[in-house]
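Visitor: Can you keep this structure in mind? I'll have questions shortly.
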Amino acid sequence: MINRRSPSELEKLRKSGLLVYEVLKTLSGMVGEGVTTQDLEVAAEKMIRDAGARAAFKGYYVPAAGTKFPYVLCTSVNNEIIHGMPSARRALKKGDIVKIDTGVELNGYFGDSAVTVPVGEIGDSLRKLLRVTQESLEMAIAQARAGNRLADISGTVEKHVVSNGFSVVREFVGHGIGTKLHEEPQVPNYVDRQHENPRLKEGMVLAIEPMVNEGKPGSKVLKDKWTAVTTDGKCSAHFEHMVAITADGPWVLTRP
Ligand code: MG
Ligand code: MG
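So this is what it looks like as structure tokens:
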């Protein structure tokens, strides 16, 4: 069942969404040569605690990994797609791209968003990868309207990505979000007739999150049980927003 949220619930999700926005904005400003992903983790943990919220990723159990995720952030560099773990040994270098993904729980309602941040100047191909990924998210958000179907979102991402010569990751998907971090439905970044294709209705809240590979679509999970990397070693980009479907159209909860 896909939950539909009342206006007062949407306001709570909005508060969580804006906190995630503030955290990601601060961390994006910190990114630079020599900064470690652990530096970002420490800053995020403090901001979330100071806001009276709980870090939603820390301690989150995923059956496929068989363990609880130990950090506030997922920090994934270059060929790491998602679920990378912050480390004091991972200093960012000029030309890297770092994906920062985080979630919070505030008053029982969750927020979840992700950005990909360049470290200094990056090459043309990576610049295009980030632009196309971000564009695919914006185009998908525009499809988050009552009366459309889920595949309108998925298909919009897939079409824009593929027509620009990149590929979408298939093993990881977006999701509904509300009083749990991950709720129904799954929100894939590609269309497959095996997926359910529900009609979108007012009050639904979706975390739309294109994960786009520079090269082939394949991914594999490292021995740490979490970090997903591209199988061809090329880079991957990730942007995510939480979007409420309202009578007035899509409402992006994770930006002002
Ligand atoms: Mg996320
Ligand atoms: Mg998410």
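Note that the numbering used here numbers the sequence shown so that position 24 is 198, with each residue one more than the last. Just so you know, even glycine gets a beta-carbon here, dropped at the ideal spot from N, CA and C.
#1: Return yes when the Cβ of V289 is within less than 9 Å of the Cβ of L198, no when it is not.
#2: Verify the contact flag: I351, CB atom, against every heavy atom of ligand 2, threshold strictly below 8 Å.
#3: So, for P292: in the same chain, excluding its five sequence neighbours on each side, which residues have a beta-carbon less than 6 Å away from its beta-carbon?
#4: Under 7 Å Cβ to Cβ from E309, same chain only, skipping five residues before and after it: list those, please.
#5: According to DSSP, which residues form a beta bridge with M204?
#6: When every heavy atom of ligand 1 is checked, does at least one fall within less than 8 Å of the C-beta of T276?
#7: With the cut-off set at 9 Å, would you say T307 and P260 are in Cβ contact?
#8: By DSSP, does A418 sit in helix, in strand, or in coil?
#9: Would you give the residue range spanned by the alpha helix (DSSP H) that H334 belongs to?
#10: Please tell me whether, using a cut-off of 8 Å, the distance from the CB of E356 to the nearest non-hydrogen atom of ligand 2 is below it.
#11: By DSSP, does Q212 sit in helix, in strand, or in coil?
#12: Between the C-alpha atoms of L374 and R178, what's the straight-line distance to the nearest angstrom?
#13: Taking the alpha-carbon of G389 as reference, which of E215, M313 and V343 has the nearest alpha-carbon?
Guide: From the atom records:
#1: Taking the first residue of the sequence shown as position 1, residue 198 is located at position 24. Taking the first residue of the sequence shown as position 1, residue 289 is located at position 115. The answer is yes: Cβ separation under 9 Å.
#2: One-based indexing of the sequence shown puts residue 351 at position 177. Yes, ligand 2 has a heavy atom inside 8 Å of this Cβ.
#3: The sequence position of residue 292 within the sequence shown is 118, counting from 1. Hits under 6 Å: I271.
#4: The count along the sequence shown starts at 1 and reaches residue 309 at position 135. For E309, where only same-chain residues beyond five positions count, the Cβ hits under 7 Å are H334.
#5: The residue given as residue 204 occupies position 30 in the sequence shown. The partner list for M204 (beta bridge, DSSP) is empty, contrary to what the question assumes.
#6: Sequence index remark: in the sequence shown, residue 276 carries index 102 (1-based). Result yes, Cβ under 8 Å from ligand 1.
#7: The sequence position of residue 307 within the sequence shown is 133, counting from 1. The sequence position of residue 260 within the sequence shown is 86, counting from 1. For T307 and P260, no; Cβs fall outside 9 Å.
#8: Numbered from 1 along the sequence shown, position 244 holds the residue referred to as residue 418. Three-state result, A418: strand.
#9: By one-based count along the sequence shown, residue 334 stands at place 160. H334 -> alpha helix (DSSP H) spans L324 to S337.
#10: For the purposes of this step, residue 356 is identified with residue 182 of the sequence shown, where counting begins at 1. According to the sequence provided, residue 356 is His. The question's Glu does not apply to it. Indeed, a heavy atom of ligand 2 lies less than 8 Å from the Cβ.
#11: The residue you call residue 212 lines up with position 38 of the sequence shown. Looking at Q212 - three-state DSSP - the assignment turns out to be helix.
#12: For the purposes of this step, residue 374 is taken as residue 200 along the sequence shown, with counting starting at 1. For the purposes of this step, residue 178 is taken as residue 4 along the sequence shown, with counting starting at 1. Those two C-alpha atoms are separated by around 10 Å.
#13: For the purposes of this step, residue 389 is identified with residue 215 of the sequence shown, where counting begins at 1. That would be V343, whose Cα lies nearest to the Cα of G389.
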